[in-house]
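Asks: Chains A and B supply the protein sequences, listed in that same order. The numbering used here applies: residue 1354 is where the first sequence begins, and numbers increase by one. The numbering used here applies: residue 1354 is where the second sequence begins, and numbers increase by one. The beta carbon of each residue, even a glycine, is placed where N, CA and C say it ideally should be. Let me give you the structure first, and then I'll get to my questions.
2 protein chains.
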Amino acid sequence: MTAAEKIAALRDLMKTEKIGAYYIPSADPHLSEYLPEDAKRRAWLSGFTGSMGELVVGLKKAGIWTDGRYFYQAELQLPGSGIDLQKLGVTGTPTITQWVASQLKSGEALGIDPTLMSISAAAKLETELKPHGIKVKSVAKNLIDRIWADQPEPSLAPLEVHPTRFAGETVASKLKRVRAAMAAVGAQAHVIGALDAIAWLLNIRSQDIKCTPVAVSYVVVTPKACTLYVDGRKVTGPVLKHLGKLATIMEYREVGNGLRDLARSKPRVWLDAGTTNRWIQNKLKGCELHLAPTPIMAMKAVKNAKQMDGFRAAHVRDGVAMVKFLKWLGEAVPKGGVTEMSSAARLREFRAEAKEFKDISFDTISGYAGNGSIIHYSVDEESDTKLKPRGLYLIDSGGQYPDGTTDITRTVALGKPAKLMKDCFTRVLTGTIDCTMTPFPAGTTGRRIEMFARRNLWLAGIDYAHGTGHGVGQYLGVHEGPHSLKDLDTPPVVEGNLFSIEPGCYENGKFGIRCENLAFVVKDEKFSNDERTWLRFDTITLCPFDRELIETKLMTTDQLAWLNAYHKQVFKELSPHLDKAHVSWLRKATRAL
Amino acid sequence: MTAAEKIAALRDLMKTEKIGAYYIPSADPHLSEYLPEDAKRRAWLSGFTGSMGELVVGLKKAGIWTDGRYFYQAELQLPGSGIDLQKLGVTGTPTITQWVASQLKSGEALGIDPTLMSISAAAKLETELKPHGIKVKSVAKNLIDRIWADQPEPSLAPLEVHPTRFAGETVASKLKRVRAAMAAVGAQAHVIGALDAIAWLLNIRSQDIKCTPVAVSYVVVTPKACTLYVDGRKVTGPVLKHLGKLATIMEYREVGNGLRDLARSKPRVWLDAGTTNRWIQNKLKGCELHLAPTPIMAMKAVKNAKQMDGFRAAHVRDGVAMVKFLKWLGEAVPKGGVTEMSSAARLREFRAEAKEFKDISFDTISGYAGNGSIIHYSVDEESDTKLKPRGLYLIDSGGQYPDGTTDITRTVALGKPAKLMKDCFTRVLTGTIDCTMTPFPAGTTGRRIEMFARRNLWLAGIDYAHGTGHGVGQYLGVHEGPHSLKDLDTPPVVEGNLFSIEPGCYENGKFGIRCENLAFVVKDEKFSNDERTWLRFDTITLCPFDRELIETKLMTTDQLAWLNAYHKQVFKELSPHLDKAHVSWLRKATRAL
Chain A
1354 MTAAEKIAAL RDLMKTEKIG AYYIPSADPH LSEYLPEDAK RRAWLSGFTG SMGELVVGLK
1414 KAGIWTDGRY FYQAELQLPG SGIDLQKLGV TGTPTITQWV ASQLKSGEAL GIDPTLMSIS
1474 AAAKLETELK PHGIKVKSVA KNLIDRIWAD QPEPSLAPLE VHPTRFAGET VASKLKRVRA
1534 AMAAVGAQAH VIGALDAIAW LLNIRSQDIK CTPVAVSYVV VTPKACTLYV DGRKVTGPVL
1594 KHLGKLATIM EYREVGNGLR DLARSKPRVW LDAGTTNRWI QNKLKGCELH LAPTPIMAMK
1654 AVKNAKQMDG FRAAHVRDGV AMVKFLKWLG EAVPKGGVTE MSSAARLREF RAEAKEFKDI
1714 SFDTISGYAG NGSIIHYSVD EESDTKLKPR GLYLIDSGGQ YPDGTTDITR TVALGKPAKL
1774 MKDCFTRVLT GTIDCTMTPF PAGTTGRRIE MFARRNLWLA GIDYAHGTGH GVGQYLGVHE
1834 GPHSLKDLDT PPVVEGNLFS IEPGCYENGK FGIRCENLAF VVKDEKFSND ERTWLRFDTI
1894 TLCPFDRELI ETKLMTTDQL AWLNAYHKQV FKELSPHLDK AHVSWLRKAT RAL
Chain B
1354 MTAAEKIAAL RDLMKTEKIG AYYIPSADPH LSEYLPEDAK RRAWLSGFTG SMGELVVGLK
1414 KAGIWTDGRY FYQAELQLPG SGIDLQKLGV TGTPTITQWV ASQLKSGEAL GIDPTLMSIS
1474 AAAKLETELK PHGIKVKSVA KNLIDRIWAD QPEPSLAPLE VHPTRFAGET VASKLKRVRA
1534 AMAAVGAQAH VIGALDAIAW LLNIRSQDIK CTPVAVSYVV VTPKACTLYV DGRKVTGPVL
1594 KHLGKLATIM EYREVGNGLR DLARSKPRVW LDAGTTNRWI QNKLKGCELH LAPTPIMAMK
1654 AVKNAKQMDG FRAAHVRDGV AMVKFLKWLG EAVPKGGVTE MSSAARLREF RAEAKEFKDI
1714 SFDTISGYAG NGSIIHYSVD EESDTKLKPR GLYLIDSGGQ YPDGTTDITR TVALGKPAKL
1774 MKDCFTRVLT GTIDCTMTPF PAGTTGRRIE MFARRNLWLA GIDYAHGTGH GVGQYLGVHE
1834 GPHSLKDLDT PPVVEGNLFS IEPGCYENGK FGIRCENLAF VVKDEKFSND ERTWLRFDTI
1894 TLCPFDRELI ETKLMTTDQL AWLNAYHKQV FKELSPHLDK AHVSWLRKAT RAL
């Protein structure tokens, strides 16, 4: 079936359901960023595989809303589908509501699947469409599922225990903290839908979503009980023993009944409107709702000392794999036969040499030359390009280890780089350096800190259409909140947060550059005093930046000193784990500039 | 009467009025930043003369809430008054509401003067005190006025016409734009209380508030009419001719009756909840209110080409005065006899040599040595300090000219500066330079742009407890919104905005450093393209920075190039207006580093 045929079939169902448009978000019932295979409805229907994109199909037209990271990719994948690309953040782009209002008449309805829309998103949609007389109608069985003949079955990956030696905190302690937060706002129950929050709270993991070791589940916490709703076939003996009396396990499909039972006593229930779906809310009719972000996210975002140790160990392993990869790449490309896909596969193999390696932490972005300018490029058989001994190659990848998750981007010159490439690379690298080396007073928000990463590019009239950094989970999601280094209203950066720092520069169709390290937020002991706490970044990613791309004339003495000290540290920490040939390569790659 | 005696008298009145606490804000009925003399109730009662400070007097305790700019000053002025200093922005400081809740019992009342509190502030107070069972009670006649025997009479300064050759836009055109904005939100009336908004809209000025050439007045705009409520004794022939049929003039004291008449037809009324007082709102009972910032502020914040020309001309005049002053200062201080007050007076005289000079634009901050570390230091007979030929001297001043308002800070070494002083000065100066020289994409907010001014200080663990910059009116308030370079939720910076850029560094009791220029936001022609507009700052302040305080080793090549080009421009633009001796001085002061 082509995208156009699928949309035609969908439109037939829409007419039966008496809806003028149908909303197909990139979502599962847990509002996950990355989706289980059976939830990839938008990608299946439209052919657009970017990780972000909201599709709305009307009876005549259809539109997909995505952001700057994916404009180029969407322009390649959408033709023929009959779906218009709607560029978020670009002047003149209608909002989804404006578009729906232009397609539907007053009295008509927009159909949604209530399990695939957060409480806040559903409420916003209703509020915005109301003035136009357009209703939001919950359609009971998902319309895509009715036409998706070969839709995958839900995952049955077993539950795993995330041991306290990595987590640094017991489930009992975490439940105690969550219950204290509930008591503080007078909540008698907290229904949790976010899978990474559940994994953190119960120190469990699973493999239901590729690259993100979570278990599809719900959790309900009350002052006395904790219920985990999960497919019984996933439950193993060690997990039963691990949870003991701390949590009761119920079947995933029973959550609706469980919530109806809960609602009978009309408790005050804490729901995170951003990560809990509308269907859950509907089941709690009659309860007083405390709508606020779950306290778990902010707790999860502060790493304890044990977790920091784990992350550092994981990054030594990951750095070793990166060094092996970079040495191999430099030798293999001139010989020919290396492609974006084979290169990414080789990097995975290097990572897998570590016995602790579990999985990659997201689909590797392996972009050669012009493909590197597609910010979140996802290489496939069709786009796969051969790496030649010239131009730039961008590789953004990460690993899942039981003690930590990694996320690293390096940009490599495969031949003698042009002046423009060196200039751009150096502006990006000094952005990473400036952002990393500038201490900041406690209370500073990420949208302010990330300016330091942009400045050297802005001086040349260059900006990047993405944030500077995101949080990273421990053997969990490679993106986690609530903190960020983005122009968003996120809470101040605090001690124990872990961030990616990843400015970039993209020359459409020519090359892409990104320099990404992960760094913990630690107390700056030198500057902190009784009156004020100062914080600073402490980099944990260990891998050299390509010396061939560095134009030292564009760097200040301080930036150069930072880089040389960083490279020295990389050599010191990685060389004990490398053989002679790799130590020799690393010595050259990290020598002072 | 001492502060303690005044407070005792106030407490007697509070008992009669049956209120447990009385709120004395720094406010007039127009929520002006700077107050007419008769409205300076808080300063009269407490003795604390900082421009920002909220006083609440309970039956036993009293507290004054002020921000980081004034901690030091308050600590000097409050002792003996019985008023506790409450430091805003410092952990552990109770909010006013928390403090009131700790002083009053449920059922008791906090008294306010409804003309002195904005709609939003009054609503916030009520909402926050409600859970404590504390009421907010409007007290009809201000309690301070009842005990303030020698309270000044309201100003009778005449109205002046602000000619179109400076304003660059007629009153008719401005009224048309405001009415279009009203129509867009379906407002049948717009009641305006902010004095600078009124002055801008009607192209009028007056001298009711020191340094801020506004007229105490209200304006009501409807689709067909515009009524100016102002004391009839202030109205002159030229103003009557200027307004013609565009506006009807009514007596200031009639505004209450006017609003009652307006309310009869139950129109939808636009009120700016931040700059309109609660008393106005009360007069409009029964009307549907559109509570939103007045559109005038954003219009006023965008300067047209004629206004820009005027500002530039005013800055040449102001720069000439500053050069005369700096030359005089360097020669006079070693001879002895110069004090903070006499120095400020001398600068005023130099400004007054220009025939266009109208007034200073705010009380000059003239701070020698330790006094310079008081961020908004206001020198008086008691604190007046002699300038010696050593240490640092900070002078923050401005002038009012009919074509522009100026605001400039320079920090001068009166002898050979210590290494710490040079280091700190250079970090502040490079903050001003970095903030000025970095272009930014349209849509960037001030809280992000100001990071460039802080970075060089943060690298040394130094921060300043104030914003980096504010808007400036044309022959109007030296502070204007809605734009700012502060960590506030203000709208994106747009072309035509005028900003101060003024980072600082304060070593308590030792010295203060601030480097302040004004700069327009202009389109960056080099970087703008069809897809994206880039903006940049264009500095209009013309005055050298003290070369003795610059440590070039701490500067990048780009920063030094900016400074040398700036000094070259200062010389070029000012020297034609100076005599030989001053040209010679300026040549030395601006020679390349």
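Using a Cβ-Cβ cut-off of 7 Å (strictly less than) and excluding sequence neighbours within five positions of A:Val1531, which residues of its own chain qualify?
Replies: Position 178 of the first sequence, counting from 1, holds the residue named residue 1531 of chain A. Result list for A:Val1531: His1543, Leu1554, Val1574, Pro1648, Ile1649, in chain order.
Asks: Going along chain B, which residues have a C-beta under 8 Å from A:Gly1814?
Replies: Start at 1 with the first residue of the first sequence, and residue 1814 of chain A comes out as number 461. Within chain B, the residues near A:Gly1814 are Pro1792, Asp1877, Lys1879, Phe1880, Trp1887.
Asks: Within the continuous alpha helix (DSSP H) that includes B:Glu1706, where are the two ends?
Replies: By 1-based counting over the second sequence, the position of residue 1706 of chain B is 353. Note, B:Glu1706: premise wrong, no alpha helix (DSSP H); not H, not E.
Asks: Looking only at its chain, what residues have a beta carbon closer than 8 Å to the beta carbon of B:Gly1725, apart from the 5 residues adjacent to it on each side?
Replies: The sequence position of residue 1725 of chain B within the second sequence is 372, counting from 1. The residues are Leu1745, Tyr1746, Leu1747, Thr1764, Tyr1859, Phe1864, Gly1865, Ile1866.
Asks: Could you have a look at A:Gln1439 and say whether DSSP puts it in helix, strand or coil?
Replies: For the purposes of this step, residue 1439 of chain A is identified with residue 86 of the first sequence, where counting begins at 1. A:Gln1439 falls in the strand class under three-state DSSP.
Asks: Counting along the chain, where does the alpha helix (DSSP H) carrying A:Phe1424 start and finish?
Replies: For this step, residue 1424 of chain A is matched to residue 71 along the first sequence. Note, A:Phe1424: alpha helix (DSSP H), 1424–1430.
Asks: With distances taken from CA atoms, which of A:Val1572, A:Tyr1730, A:Trp1887 is nearest A:Val1875?
Replies: Counted from its first residue, the first sequence places residue 1875 of chain A at position 522. The candidate whose alpha carbon is nearest that of A:Val1875 is A:Trp1887.
Asks: With burial defined as no fewer than 16 other Cβ atoms inside 10 Å of the residue's Cβ, what is the status of A:Asn1882: buried or exposed?
Replies: Here residue 1882 of chain A corresponds to residue number 529 of the first sequence, with the count starting at 1. When all chains shown are included, A:Asn1882 counts as exposed.
Asks: Evaluate A:Asp1671 with the Cβ neighbour count: other Cβ atoms within 10 Å of its Cβ, from every protein chain shown; 16 or more gives buried, anything less gives exposed.
Replies: Taking the first residue of the first sequence as 1, we reach residue 1671 of chain A at position 318. Buried is the call here.
Asks: Can you have a look at A:Val1952 and say buried or exposed, based on whether 16 or more other CB atoms are within 10 angstroms of its CB?
Replies: Outside the displayed span of chain A (1354 to 1946) sits residue 1952 of chain A, for which this structure offers no information.
Asks: Please report the distance separating the alpha-carbon of B:Gly1639 from that of B:Lys1619.
Replies: Counting from one through the second sequence, the residue named residue 1639 of chain B turns up at place 286. Counting from one through the second sequence, the residue named residue 1619 of chain B turns up at place 266. Computed Cα separation, rounded: 6 Å.
Asks: As a quick exercise: from A:Met1804, A:Glu1833, A:Glu1702, pick the residue whose alpha carbon is nearest that of A:Tyr1326.
Replies: This structure gives no information on residue 1326 of chain A, because the portion of chain A shown stretches from 1354 to 1946.
Asks: Mind checking which residues open and close the beta strand (DSSP E) that includes A:Asn1870?
Replies: For the purposes of this step, residue 1870 of chain A is taken as residue 517 along the first sequence, with counting starting at 1. Unbroken beta strand (DSSP E) run through A:Asn1870: 1870–1876.
Asks: Give a yes or no on whether the C-beta atoms belonging to A:Pro1742 and A:Leu1767 are separated by under 7 Å.
Replies: Taking the first residue of the first sequence as 1, we reach residue 1742 of chain A at position 389. Taking the first residue of the first sequence as 1, we reach residue 1767 of chain A at position 414. Yes, these two residues count as a Cβ contact at 7 Å.
Asks: So, at 7 Å on beta carbons, what are the nonlocal neighbours of B:Arg1801 in its own chain, with the 5 sequence-adjacent residues on each side left out?
Replies: On the second sequence, position 448 is the one that residue 1801 of chain B refers to. Nothing listed; no residue qualifies.
Asks: Kindly say whether B:Thr1909, judged by its beta-carbon, lies nearer than 7 Å to any beta-carbon of chain A.
Replies: Counting from one through the second sequence, the residue named residue 1909 of chain B turns up at place 556. So yes, B:Thr1909 belongs to the interface.
Asks: Within the continuous beta strand (DSSP E) that includes A:Gln1753, where are the two ends?
Replies: On the first sequence, residue 1753 of chain A is found 400 positions in, with the first residue counted as 1. Residues 1752–1754.
Asks: Could you confirm whether any beta carbon from chain A is found closer than 7 Å to the beta carbon of B:Trp1811?
Replies: Taking the first residue of the second sequence as position 1, residue 1811 of chain B is located at position 458. It does: the Cβ of B:Trp1811 has a partner Cβ on chain A nearer than 7 Å.
Asks: Considering only their Cβ atoms, is the gap separating A:Ile1377 from A:Arg1394 smaller than 7 Å?
Replies: Mapped onto the first sequence, residue 1394 of chain A falls at position 41. Mapped onto the first sequence, residue 1377 of chain A falls at position 24. Yes, Cβ-Cβ distance for A:Arg1394 and A:Ile1377 is below 7 Å.
Asks: For A:Phe1880 versus A:Pro1792, is the C-beta distance shorter than 7 Å?
Replies: The residue labelled residue 1880 of chain A in the question sits at position 527 within the first sequence. The residue labelled residue 1792 of chain A in the question sits at position 439 within the first sequence. Yes, these two residues count as a Cβ contact at 7 Å.
Asks: Alpha carbon to alpha carbon, how far is B:Pro1447 from B:Val1410? Give it in angstroms, no decimals.
Replies: Looking up residue 1410 of chain B in the second sequence gives position 57. Looking up residue 1447 of chain B in the second sequence gives position 94. Their backbone Cα atoms lie some 15 Å apart in a straight line.
Asks: Can you find a CB in chain B that lies within less than 7 Å of the CB of A:Arg1631?
Replies: Mapped onto the first sequence, residue 1631 of chain A falls at position 278. Chain B, which has no Cβ nearer than 7 Å to the Cβ of A:Arg1631, makes this no.
Asks: Quick one: using the 10 Å Cβ neighbour count with 16 as the cut-off for buried, is A:Ser1455 buried or exposed?
Replies: One-based indexing of the first sequence puts residue 1455 of chain A at position 102. That one is exposed.
Asks: Roughly how far, in whole angstroms, is the beta-carbon of B:Val1622 from the beta-carbon of B:Ala1502, given that I think they are within contact range, below 8 Å?
Replies: Within the second sequence, numbered from 1, the residue matching residue 1622 of chain B stands at position 269. Within the second sequence, numbered from 1, the residue matching residue 1502 of chain B stands at position 149. About 38 Å separates the two Cβ atoms, so there is no contact after all.
Asks: If you draw a straight line from the C-alpha of A:Leu1438 to the C-alpha of A:Ala1427, how long is it?
Replies: Here residue 1438 of chain A corresponds to residue number 85 of the first sequence, with the count starting at 1. Here residue 1427 of chain A corresponds to residue number 74 of the first sequence, with the count starting at 1. Roughly 7 Å separates the two Cα atoms.
Asks: For A:Arg1800, which residues in chain B fall below 9 Å Cβ to Cβ?
Replies: Position 447 of the first sequence, counting from 1, holds the residue named residue 1800 of chain A. Ordered by position in chain B, the residues that pass the 9 Å Cβ test against A:Arg1800 are Thr1798, Arg1800, Arg1801.
Asks: Using a Cβ-Cβ cut-off of 7 Å, state whether A:Arg1621 counts as contacting chain B.
Replies: Walking along the first sequence from the start, residue 1621 of chain A turns up at place 268. No, no contact with chain B.
Asks: Can you pull the chain B neighbours of A:Asp1614, defined as C-beta to C-beta under 7 Å?
Replies: Working through the first sequence from its first residue, we reach residue 1614 of chain A at position 261. Residues of chain B passing the Cβ test: none, with the nearest at roughly 33 Å.
Asks: Under 7 Å between C-beta atoms, does A:Met1367 make it to chain B?
Replies: For the purposes of this step, residue 1367 of chain A is identified with residue 14 of the first sequence, where counting begins at 1. So no, A:Met1367 is outside the interface.
Asks: Are any of the Cβ atoms in chain B nearer than 7 Å to that of A:Arg1808?
Replies: The residue you call residue 1808 of chain A lines up with position 455 of the first sequence. Chain B contact via Cβ: present.
Asks: Along the chain, where does the alpha helix (DSSP H) that runs through A:Gly1784 open and close?
Replies: Your numbering for residue 1784 of chain A matches position 431 in the first sequence. Run containing A:Gly1784: 1772–1790, per the alpha helix (DSSP H) assignment.
Asks: Can you round the beta-carbon distance between A:Gln1827 and A:Gly1663 to whole angstroms, since I take them to be within the 8 Å contact cut?
Replies: Within the first sequence, numbered from 1, the residue matching residue 1827 of chain A stands at position 474. Within the first sequence, numbered from 1, the residue matching residue 1663 of chain A stands at position 310. That belief holds up - the Cβ atoms of A:Gln1827 and A:Gly1663 are roughly 7 Å apart, short of 8 Å.
Asks: Spell out the partners DSSP gives B:Cys1858 in its beta bridges.
Replies: Numbered from its first residue, the second sequence carries residue 1858 of chain B at position 505. DSSP output for B:Cys1858 lists B:Ile1866 as bridge partner(s).
Asks: Note down, in chain order, every chain B residue with its Cβ under 9 Å from the Cβ of A:Asp1883.
Replies: Along the first sequence, read from residue 1 onward, the residue named residue 1883 of chain A stands at position 530. Result: empty, since nearest Cβ-Cβ is about 11 Å, beyond 9 Å.
Asks: Measure the CB-CB distance between A:Thr1628 and A:Ala1547 and report whether it falls below 7 Å.
Replies: The residue you call residue 1628 of chain A lines up with position 275 of the first sequence. The residue you call residue 1547 of chain A lines up with position 194 of the first sequence. Yes. Within cutoff.
Asks: Evaluate B:Leu1946 with the Cβ neighbour count: other Cβ atoms within 10 Å of its Cβ, from every protein chain shown; 16 or more gives buried, anything less gives exposed.
Replies: Here residue 1946 of chain B corresponds to residue number 593 of the second sequence, with the count starting at 1. Burial call: exposed.
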